[in-house]
Structures are given as C-alpha cells and as structure tokens.
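Each remark here refers to the structure printed beneath this line.
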Amino acid sequence: LAPGLELLLKLVDGLLLLLVAGMVFGLLWGRLGEMKIPVFCYMLVIIAMAWVAAGAWHASLTAGSAAALVGALMFLFSDSMLALDRFRRPFPHATAWIMSSYFAAQFLIAASLAG
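The numbering used here puts the first residue of the sequence shown at 9, with every later residue one more than the last.
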C-alpha cells in the first residue's frame, strides 16, 4: 500500500474501533461505579489488539492476518457482550453469544499463526 493510504486506513480503523468502544462504554458508564477506570483500560487494550490486527491485515492481506483480524474483532464482540450482560442488563442467551464468539476468537487467533 502507498504510505498515504496506509496511514488513512490506520486512522479510519482506529476511529471506527474507538467509536464502537465509546458506544459500549457509554452504555456501561452509569453502572460501572468503581470499575470505570479498570473497564476503560481493558477496553483500550482490546481496541489496541484489534487495531494492530487490522494494520497487519492491511499490510499483508494474508489468510493468517485475516484470521487474526476476525479473531480480534470476535474477541471485542465477546467482551462487549460480556460487559453489557454483567454491567448493563442481562439478556437472553448471553452465555451462548459470549462463549461462542469467545471460542471462535481464540480459534481464529490461534489459526492465524498457521497461515
């Protein structure tokens, strides 16, 4: 990729991930109490993981980097659902949504090392 396009993609990826994290954090804000700072820091780590995976995919466009990116996004989804279920309001079939996306994320991240 051209350097200018690569930078633009990184910025767009980062802004989209921050937007998603901001929306989830906004939904949780009033119910986090003393957990606001730990949850905020954890969200930043998960967003950073997804951002790095997106950058690796843009740079290489390999099956392995695609698996890592989808795995990172599934991990973000899983942890977001977990936080919403625990801190906001329990929802039907939460455990199934959380665990299936969590295991898919782990599988894809591990599989990314093979390709």
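Just so it is clear, CB atoms sit at the ideal spot from N, CA and C, and this is done for glycine as well.
Alpha helix (DSSP H) segment containing residue i, residue limits
i: S7; result: Lying before the first or after the last residue shown, residue 7 is absent from the chain, which here runs from 9 to 123.
i: S68; result: K44 to S68
Heavy atom of the ligand GDP within 7 angstroms of residue i beta-carbon
i: M31; result: This structure simply doesn't include the ligand GDP, nor any ligand for that matter.
Residue i (DSSP reduced to helix, strand or coil)
i: F111; result: helix
i: L121; result: coil
Burial state of residue i, where buried means 16 or more other Cβ atoms lie within 10 Å
i: S88; result: buried
i: L27; result: exposed
Rounded separation between residue i and residue j - CA only
i: L104; j: A118; result: Checking the sequence, you will find Ala at residue 104 rather than Leu. Distance between the alpha carbons of A104 and A118 is about 21 angstroms.
i: A122; j: G30; result: 33 angstroms
Residue i vs residue j beta-carbon contact at 8 angstroms
i: A102; j: A80; result: no
i: L116; j: A75; result: yes
i: V32; j: L40; result: no
i: L23; j: L92; result: no
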